[in-house]
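Undergrad: Numbering (the numbering used here), first residue to last: 1 to 262.
Ideal Cβ positions, reconstructed from N, Cα and C, are used throughout, including at glycine.
Note that the coordinates shown come from a computational prediction; the quantities given were computed from them, not determined experimentally.
1) Could you have a look at residue 129 and say whether DSSP puts it in helix, strand or coil?
2) Which partner residues does residue 96 have in the DSSP bridge list?
3) Within 9 angstroms of any Cβ in chain B, is that where the Cβ of residue 197 sits?
4) Got a sec, what are the start and stop residues for the beta strand (DSSP E) residue 46 sits in?
5) Compute the Euclidean distance between the alpha carbons of residue 188 and residue 156, then round it to the nearest angstrom.
6) Quick one: what does DSSP say residue 263 is sitting in, helix, strand or coil?
7) In whole angstroms, give me the CA-to-CA distance for residue 113 and residue 214.
8) Closest to residue 4 by CA distance: which of 46, 210 and 196 is it?
9) What runs of the beta strand (DSSP E), each 3 residues or longer, lie entirely inside the stretch 168-228?
10) Could you compute how far the alpha carbon of residue 94 sits from the alpha carbon of residue 203?
11) Would residue 258 be called buried (16 or more neighbouring beta carbons within 10 Å of its own) or exposed?
12) Between which two residues does the beta strand (DSSP E) carrying residue 233 extend?
13) Distance check for residue 121 and residue 11, CA to CA, integer angstroms please.
14) Going by beta-carbon coordinates alone, are residue 241 and residue 198 separated by less than 9 angstroms?
15) Straight-line CA distance for residue 194 to residue 20?
16) Could you give the distance in angstroms between the alpha-carbon of residue 27 and the alpha-carbon of residue 136?
17) Is there contact between the stretch 86-93 and the stretch 30-50, where contact requires at least three CB pairs shorter than 8 angstroms?
The structure is reproduced here in structure tokens:
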């Protein structure tokens with residue numbers, strides 16, 4: 001396994017700024033994402049805002065030969081949904097928008113679920129419980145805890161809510177590169193896995209399915225969907241391990257202010 005890169009205070013300051021800018025992208029998109037737009041519209045709006053307004057770089061564009069600046073995963077799409085002019089969002093849809101941004105040499109990564117128009121209670125519950133599961137994982141982060149503690153907290157909340165946790169994809173270390181060590185599983189056992197240390201920075205991004213955990217990848221090689229065609233939801237934040245707990249580097253204005261548990 002490659003070494004986990006600990007960030008010093010100067011590097012964390014740069015990552016905070018990247019995270020703050022990324023949070024502002026979602027605030028901008030909040031005003032535009034609604035029924036009747038295409039998922040490609042979201043891509044174009046985000047790219048213009050990141051490049052022109054923030055003077056930053058959309059880190060996903062060109063990564064692994066990906067052509068776009070974000071992923072738009074609608075309803076039964078688990079992750080890596082590709083923006084399309086032909087895909088028009090409608091009332092009742094749930095969509096995950098996953099964006100990365102690089103500024104000052106460091107990358108931030110976050111995703112948010114949007115519920116459009118008249119969303120059925122069964123879909124809203126999945127979105128809300130997935131958000132809660134992510135925060136259960138975040139709240140387990142502190143020096144001396146393990147990645148198993150994080151995964152266990154997420155898994156327990158999701159499964160106790162009647163859902164399943166996708167196992168093929170995980171969170172990841174992040175910094176100068178989008179994907180660094182460690183891998184952050186969204187399931188696990190307490191006390192197992194890597195011991196967390198101050199200066200570690202990684203994403204927590206659980207993908208929770210309404211039905212079974214099994215997934216499949218579509219012919220485009222990117223889009224991952226639930227095998228049983230049930231709904232899936234995901235939320236994501238970039239997290240730094242601090243001396244006493246954690247800091248959410250990508251916290252948005254519409255979220256609670258308990259971004260640290262120092």
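TA: If we stick to the structure as given:
1) Numbered from 1 along the chain shown, position 129 holds the residue referred to as residue 129. Three-state DSSP puts residue 129 in a helix.
2) Within the chain shown, numbered from 1, the residue matching residue 96 stands at position 96. According to DSSP, which records beta bridges pairwise, residue 96 is partnered with 73 and 113.
3) In the displayed structure, chain B is absent; only one protein chain is listed.
4) Your numbering for residue 46 matches position 46 in the chain shown. Segment 39-48 is the alpha helix (DSSP H) holding residue 46; no beta strand (DSSP E) there.
5) Within the chain shown, the letter at position 188 stands for residue 188. Within the chain shown, the letter at position 156 stands for residue 156. Rounded to the nearest angstrom, the gap between the Cα atoms of residue 188 and residue 156 is 9 angstroms.
6) With the chain covering 1 to 262 only, the question about residue 263 has no answer from this structure.
7) Here the question's residue 113 lines up with position 113 in the chain shown. Here the question's residue 214 lines up with position 214 in the chain shown. When rounded, the distance between both Cα atoms is 21 angstroms.
8) The residue you call residue 4 lines up with position 4 of the chain shown. Of the listed residues, the one whose Cα sits closest to residue 4 is 196.
9) 171-173, 180-184, 201-204, 207-209, 215-217 and 224-226
10) What you label residue 94 is simply residue 94 of the chain shown in a count that begins at 1. What you label residue 203 is simply residue 203 of the chain shown in a count that begins at 1. Our two residues, residue 94 and residue 203, have alpha carbons roughly 22 angstroms apart in a direct line.
11) The residue given as residue 258 occupies position 258 in the chain shown. The predicted position of residue 258 is uncertain, since its pLDDT is 47 and thus under 50; a value taken from the coordinates is nonetheless stated next. Exposed is the label assigned to residue 258, since fewer than 16 other Cβ atoms lie within 10 Å of its Cβ.
12) Along the chain shown, one-based indexing puts residue 233 at 233. Judged by DSSP secondary structure, residue 233 falls within the beta strand (DSSP E) whose first and last residues are 232-234.
13) Taking the chain shown and counting its residues from 1, one reaches residue 11 at position 11. Taking the chain shown and counting its residues from 1, one reaches residue 121 at position 121. Whole-angstrom Cα-Cα distance: 42 angstroms.
14) Taking the first residue of the chain shown as 1, we reach residue 241 at position 241. Taking the first residue of the chain shown as 1, we reach residue 198 at position 198. Cβ atoms of residue 241 and residue 198: closer than 9 angstroms.
15) Within the chain shown, numbered from 1, the residue matching residue 194 stands at position 194. Within the chain shown, numbered from 1, the residue matching residue 20 stands at position 20. So the two alpha carbons sit approximately 28 angstroms from each other.
16) Counted from its first residue, the chain shown places residue 27 at position 27. Counted from its first residue, the chain shown places residue 136 at position 136. Using only the alpha carbons, I get a separation of about 24 angstroms.
17) yes
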